[in-house]
Structure formats: C-alpha cells, structure tokens
Amino acid sequence: MGPEDRRQKPWYGEGLPYLRVGPLPGHLIVIEGTDGVGRSTQIELLRPWLELEGHAVSNTGWTRSPLLADTINEAKAGHELTVTTFSLLYAADFADRLEHQILPALHAGSIVLADRYMYTAFARNRVMGADPAWTRQVFGFALVPDLVLYLEIDVEHLVPRVLEGKGMDYWESGMHLALGTDIFDSFVRYQRRLIAEYNALGREFGFVTIDARRPVDAIQSDLRTHVAMYLASARRRRRPQPEKALGRSRA
Amino acid sequence: MISIARSASLSQPHPYPGRLITVEGIDGSGKSTQLLLLDRWLTSRGYPVRFTEWNSSRLVRRAMKRGKKKDLLTPTTFSLLHAVDFADRLTYQIVPPLKAGMIVLADRYVYTAFSRDVARGVHPAWVRSVYSFAPRPDLALYFRVPIEVSLDRLLAGRTKLKYHEAGMDVGLSTDPVDSFRMFQSRVLEIYDQLAEEFGLRVVDATADIPSQQKIVRRLVRDTLRRYEGKRATGSADGA
Chain A
1 MGPEDRRQKP WYGEGLPYLR VGPLPGHLIV IEGTDGVGRS TQIELLRPWL
51 ELEGHAVSNT GWTRSPLLAD TINEAKAGHE LTVTTFSLLY AADFADRLEH
101 QILPALHAGS IVLADRYMYT AFARNRVMGA DPAWTRQVFG FALVPDLVLY
151 LEIDVEHLVP RVLEGKGMDY WESGMHLALG TDIFDSFVRY QRRLIAEYNA
201 LGREFGFVTI DARRPVDAIQ SDLRTHVAMY LASARRRRRP QPEKALGRSR
251 A
Chain B
1 MISIARSASL SQPHPYPGRL ITVEGIDGSG KSTQLLLLDR WLTSRGYPVR
51 FTEWNSSRLV RRAMKRGKKK DLLTPTTFSL LHAVDFADRL TYQIVPPLKA
101 GMIVLADRYV YTAFSRDVAR GVHPAWVRSV YSFAPRPDLA LYFRVPIEVS
151 LDRLLAGRTK LKYHEAGMDV GLSTDPVDSF RMFQSRVLEI YDQLAEEFGL
201 RVVDATADIP SQQKIVRRLV RDTLRRYEGK RATGSADGA
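Order-wise, the sequence lines are chains A and B.
Going by this note's numbering, the first sequence opens with residue 1, and the numbers climb by one from there.
Going by this note's numbering, the second sequence opens with residue 1, and the numbers climb by one from there.
Below, the structure is given as structure tokens:
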C-alpha cells in the first residue's frame, strides 16, 4: 500500500462518537440506482477488475447484515411495518454493516464497493411519506462516501429490463403504498417517483451520473473510467509533500 | 403503509383525548412496582388503562436476542433496535388507546434511550432526533435512587446482574458489579439532566413503597384533573 492518507473521512452528521476512528486508508465507493437497474451486475464486474489492478475489495449490500437480514425479510413478509419501523430497521441494518464490515475494511486499506447507501433510504423514505429531515438525521452516524456512482435510468428503459430479469416484485413495485391495484401501473408510478428522488439527490450530493440505459459493457467501461480517475486523484493527494515527508514516522 | 401521525412531538402536548403516563429510573429503582400499583389503583377506580413496556415488541425480539447473545450489538444498533421496538409499540399499543381516550401507562419511555444510549456513547442530539416522532407524556415520573440502593435491590432478588443491565458491553470493567456501578452512575447523571430538560417529575425512590405510591397517586390525580375518558361504570369519585 502507498503512503497513508492522514485526513479523516467526514461523517454525514454526528457520526459514531464512541469509536476512535483514525485515518481510513481505504476507499468507500458507492453504487446507487433504483431497483433492477443493474447495480449488482456492475459490481460483479468491477470487483475482479479492481483485484487485477492490485486492490483488495470488500462488498457490502443493503439489508445484508447478519444482525437484521432475517428480521427485515420476516417483517416484509407480514403487514405490520410502518414507514417509521421500516426506516429504522434499514438504518439498523446499515449501522451494523458500517461498523462490522465497512469501517474495518476501510481501516485495512480495502476498496469497499457498497451496493446502495443511505441515499436509497433518503429516496425511498421520502416516497413512502416519511419526514425527509428526520430520515437524514437518523443517518447522521454514516460515513460520507469517497465516490458515489449513480446508475441513472428512466422508467421506459427500466420496465423491459426488470421484466426480462426477475420480474416485478411487490416492494419494488411500491404495492405497499397502494398506488394502484395493478402491479404494472404501481411499478411505473412508484419507480418514476423514486427515480425523480434519486436524480434530485444526485444533484444535491454530487453523484457521478452514468447513463444506465445503455448495454452492460458500456456502463462498465464508464464506471471503470470514473473509478480509475478517482483512484488516481486519491493517489496524488496521498503523495507526501516534501516538507511533510520529513515528519513521517514509520507508523 | 401506515404512517405515524406527524402531529405528535416531544416538544408540545399531544392532541389525543387520552393520557400518557410514563415511568423512568435505573434498574432496581422500583419504578415497575410503582407503575403496577398505579395500574391497580386506576383500574379499581374505573379508568380504562393500557400498559406497555420498553423493549417488548415481537418485531425485533429475535434480532435483539441474537445481537445480545453473540455480542453483535454496537451502541448505534442497540439504540436503533430499541427505536424500532418503540415505534412499533407506539403505532399499535400507545397511539390507538390515546386516540380512544384511554390512559396509557408506559414502563420506560424515550428518556431511557436518551440516558442509556448516551451513556453507551451515542450522540445526545442524534438519539433525540431518532425519537422525534414520540408524543410528549402528560406525566413523566422519574424514580431517583442511589446506585447502592438499586444494586442491593437487584442482587436481593437474584444472584447475577444481566450483561447489558450492568453495561458490560461498554467495557468499563470485567467485574459485573463494578461495571454496573460505573455504567449506571453515568445513566443516573444523565437522568438528572433529563429531569430538568424535559420536566420529569422526580420521586425519591429510597422511600418505602406506600409513601412513594402516595406521591405517585397525587401527581396522577393532578394529571387527570381535566380528563373526561373515565368509564361511566367506574366508582363515583371526582378525581
């Protein structure tokens, strides 16, 4: 590994005050985008490429925490969830993965590829009707990612992709919001709103937007270009300045 | 999907016809005993009473159990799981009876999170914002007791302190009793600040049980002064 980045990565809000998180030499790269846009396919392709480039890579995905994955799946199978409990369960899942997967991997100098991040909660909660200010406060413990790659698509291109893939599912169609009795109509309405939220978040948080209406290879090629550009600029930042280099200890 | 009414918040009185009475205090303060006696008293006088307890919803029971058993919980996930429990009980057990004009008795409320989770290290502003959807109680009682008294009471009933009750997860000491002293002292200190910040009514929990109950009933009587939800079948007594 090259020289360490001595800068602290910023927290989104209050952070985790009980942890003494030192400099994190790894890189937190987030892939965002709506359901069925092809995030996991792209991450599967990014990983071996990064490994060939010599980087250790760690994956983490939404609702995949050992602590809560079962609880969330079970709760979704029933009908007892409210917007608030739903949001808090996702926040707990995220916190679990942040502390047990993301931070240790960043500490060890790995590249963390996160399939979705807090922005998914921001978008979904808002569409579900939760107070957006509240959602953001709840995620105040999150680490700000180094790079957010946003796979942007429109509903017209999303529909055939989802139907050719695993099909329209209850939650991804927003059926819980009673937007329509027909799953197709509900999907279109829900995803249109969700995509509009993602687009707004992209502008607010400076996502790198990738046109995801194109074939897999074209998207992957763009993703690699942006990741490579980010890594090159991170390397430049880490190159010690001559006067600072004198003070660098072995540690 | 169900949403929690946005009209509720900790900073202003709730809009419901019912009454919300909560008890707080460290483990061994005797708050649950006092709440039970209050429940008996109110019920005997014909009041419609519902009881709800911290960390009792089915929704997160398994995750909480697994997290505690395998020591997977961090201060943040511990706090968020309790918030899920609270939000779930608020939706199903607290708000409906309040809307129906009943009296809800809550054994521990958001102030438990504000003290315990902050003692574990989460940011005070963060945990307040997480619970910002909670309705303000009409009466929030705080049973204040010194650490040694609560320790005596807890150890009299059983041989061992529970892992999280003793704050063992915080890593202050490997000895459960020492850990309890250190952790609960922090909690106590924060409770005292919360009493001021949120106007909790302090009850001296070192006094004997009947004298405490007398104070509790007096405070509750005041809270119910303009309450109109009493059942017609109740005993005749203008409280």
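Every residue gets a Cβ at the ideal spot worked out from N, C-alpha and C, and that includes glycine.
A quick note: this is a predicted structure, and the numbers were derived from the prediction, not measured.
{"Query": "Burial state of Pro132 of chain A, where buried means 16 or more other Cβ atoms lie within 10 Å", "Result": "exposed"}
{"Query": "Beta carbon proximity, Pro146 of chain B to chain A, threshold 8 Å", "Result": "no"}
{"Query": "Entirely enclosed alpha helix (DSSP H) segments - the stretch 23-65 of chain B, minimum 4 residues", "Result": "31-44"}
{"Query": "Distance between Leu90 of chain B and Thr120 of chain A (C-alpha atoms, nearest Å)", "Result": "25 Å"}
{"Query": "Other residues of its chain near Leu80 of chain B: CB distance less than 8 Å, five sequence neighbours each side excluded", "Result": "Val130"}
{"Query": "Chain B within 8 Å of Val112 of chain A, Cβ atoms only", "Result": "no"}
{"Query": "Status (buried if at least 16 other CB within 10 Å, exposed otherwise) for Gln8 of chain A", "Result": "exposed"}
{"Query": "Burial state of Thr22 of chain B (16 or more Cβ within 10 Å)", "Result": "buried"}
{"Query": "Stretch-stretch touch, CB-based, cutoff 8 Å, three pairs: the stretch 106-125 of chain A with the stretch 31-41 of chain A", "Result": "yes"}
{"Query": "Proximity test, Cβ basis, 8 Å: Phe114 of chain B and chain A", "Result": "no"}
{"Query": "Beta-bridge partners of Pro13 of chain B, as assigned by DSSP", "Result": "B:Arg136"}
{"Query": "Where Lys252 of chain B falls, given that 16 or more other Cβ within 10 Å makes a residue buried", "Result": "The first residue shown for chain B is 1 and the last is 239, placing residue 252 of chain B beyond what the model contains."}
{"Query": "Candidates A:Thr181, A:Leu151, A:Leu194: closest to Leu223 of chain A by CA position", "Result": "A:Leu151"}
{"Query": "Pick from B:Ser173, B:Gln12, B:Gly28, B:Leu10 that is closest to Glu148 of chain B, judged by C-alpha positions", "Result": "B:Gly28"}
{"Query": "Interface residues of chain A facing Thr77 of chain B [CB-CB closer than 7 Å]", "Result": "Leu67, Ala92, Ala95, Asp96"}
{"Query": "Of the listed residues A:Ala95, A:Gly140, A:Gly129, nearest to Gly174 of chain A (C-alpha basis)", "Result": "A:Gly129"}
{"Query": "Residue closest to Tyr191 of chain B, alpha-carbon to alpha-carbon, out of B:Phe78, B:Ala87, B:Val110", "Result": "B:Val110"}
{"Query": "Boundaries (first-last residue) of the beta strand (DSSP E) holding Val148 of chain A", "Result": "147-152"}
{"Query": "Rounded straight-line distance, which links the Cα of Gln193 of chain B to that of Arg120 of chain B", "Result": "16 Å"}
{"Query": "Under 8 Å between C-beta atoms of Ala108 of chain A and Gly15 of chain A", "Result": "no"}
{"Query": "Interface residues of chain B facing Val138 of chain A [CB-CB closer than 9 Å]", "Result": "Leu80, Ala83, Trp126, Ser129, Val130"}
{"Query": "Any beta strand (DSSP E) of 3 or more consecutive residues that is wholly inside the stretch 146-228 of chain B", "Result": "201-204"}
{"Query": "According to DSSP, residues forming a beta bridge with Phe184 of chain A", "Result": "DSSP output for Phe184 of chain A lists no bridge partner at all."}
{"Query": "Rounded straight-line distance, which links the Cα of Thr43 of chain B to that of Leu37 of chain B", "Result": "10 Å"}
{"Query": "Cβ shell of Lys244 of chain A (< 6 Å), same chain only, five flanking positions each side left out", "Result": "Its pLDDT being 49, under 50, Lys244 of chain A is placed unreliably in this model, and the coordinates cannot settle the point."}
{"Query": "Min CB distance Arg235 of chain A to chain B below 8 Å", "Result": "no"}
{"Query": "Cβ-Cβ distance between Ala113 of chain B and Ala83 of chain B below 8 Å", "Result": "yes"}
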